[in-house]
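Student: The letter at position 67 of the sequence shown is residue 66 when you use numbering that gives the first Met the number 0, and the numbering goes up by one with no holes.
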Amino acid sequence: MLIQDPPACASKLAQVEVVYEVLPGWKESIQNITQFDQLPLNARKYVQRIEELVGVPIVWIGTGKERNAVIQRVNIP
Numbered sequence: 000m001l002i003q004d005p006p007a008c009a010s011k012l013a014q015v016e017v018v019y020e021v022l023p024g025w026k027e028s029i030q031n032i033t034q035f036d037q038l039p040l041n042a043r044k045y046v047q048r049i050e051e052l053v054g055v056p057i058v059w060i061g062t063g064k065e066r067n068a069v070i071q072r073v074n075i076p
């Protein structure tokens, strides 16, 4: 059974089994990328998988340490 919130009780928390996925990574730098379709394929798949899991579109994607190092997605399919 999947839970949405962590149990408040320590004994129940001890019974929780973590579920995780391993996704392929990418080696290309994403610095200076300003458009979603310029991201490496596996980076785009990563974002899309997170969207599937959380059920909401991801609009902002950080691509570096600078404040303006972001991709803003406007037309999300």
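The beta carbon of each residue, even a glycine, is placed where N, CA and C say it ideally should be.
Could you name each continuous alpha helix (DSSP H) segment of 4 residues or more that falls completely within the segment 8 to 52, going from the start of the chain to the end?
Tutor: DSSP runs (the alpha helix (DSSP H)) wholly in the segment 8 to 52: 9 to 12.
Student: Assuming contact is defined by CB atoms lying nearer than 8 Å, are Pro39 and Trp25 in contact in what I supplied?
Tutor: Your numbering for residue 39 matches position 40 in the sequence shown. Your numbering for residue 25 matches position 26 in the sequence shown. Against a cut-off of 8 Å, the Cβ pair of Trp25 and Pro39 comes out as a contact.
Student: How many Å lie between Val55 and Arg48 at the Cα?
Tutor: Taking the sequence shown and counting its residues from 1, one reaches residue 55 at position 56. Taking the sequence shown and counting its residues from 1, one reaches residue 48 at position 49. Each residue's Cα considered, the two are about 11 Å apart.
Student: Secondary structure at Val69, three-state DSSP: helix, strand or coil?
Tutor: Counted from its first residue, the sequence shown places residue 69 at position 70. Note: Val69 maps to strand in three-state DSSP.
Student: Would you kindly report the start and end of the unbroken beta strand (DSSP E) that includes Ile60?
Tutor: One-based indexing of the sequence shown puts residue 60 at position 61. Start and end: Trp59 to Gly61.
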